[in-house]
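Trainee: Take this structure, written in structure tokens, and hold onto it; I'll ask about it next.
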Amino acid sequence: MSKEQVFVLAYFGKGKIVPRIFFWKGKVIKVEKLTYSWKTVDEGGMKIHFSIISGSFYYHLLYSLSTSRWYLIDVESAIV
């Protein structure tokens, strides 16, 4: 999957960014569990990555601090 820009409702406060809901392909996806987050830096600046679970899927969201934009990086089925 290629990087796809998405709209995210997130909590920003107390030094944290926590995604709550995002919109993808006409669907509202509620973040049920944030499993992990990490930071990376590249030529475009700092990025914060979020691994989340919603329903039976894992999602990898990315927030770019330099552009204030959210992207969906990957989707995987949580069912093995």
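Position one of the sequence shown corresponds to residue 2 (this note's numbering), numbered consecutively onward.
Note that CB positions come from ideal geometry on N, CA and C, so glycine has one too.
#1: Would you give the residue range spanned by the beta strand (DSSP E) that Ile18 belongs to?
#2: In the DSSP assignment, find the unbroken beta strand (DSSP E) run with Val9 in it and report its ends.
#3: Pop quiz: Lys1 and Ile22 are said to be a contact at Cβ under 8 Å. What is the actual Cβ separation, rounded to whole angstroms?
#4: Can you name, in chain order, every residue of its own chain whose Cβ lies under 7 Å from the Cβ of Phe51, other than the five neighbours on each side?
#5: Under 7 Å Cβ to Cβ from Thr41, same chain only, skipping five residues before and after it: list those, please.
Mentor: Answer, in terms of the structure:
#1: Translated into the one-based positions of the sequence shown, residue 18 becomes position 17. Membership of Ile18 in the beta strand (DSSP E) is indicated by the continuous run 17 to 25.
#2: Against the sequence shown, residue 9 aligns to sequence position 8. 5 to 14 is the extent of the beta strand (DSSP E) around Val9.
#3: Any answer about residue 1 is impossible in this case: the structure gives the chain only from 2 up to 81.
#4: Numbered from its first residue, the sequence shown carries residue 51 at position 50. Around Phe51: Pro20, Leu35, Ser38, Leu62.
#5: Here residue 41 is taken as the residue at index 40 of the sequence shown, counted from 1. Take Thr41, set aside five residues on each side of it, and the residues of its chain with a beta-carbon closer than 7 Å to its own are Lys48, His50, in chain order.
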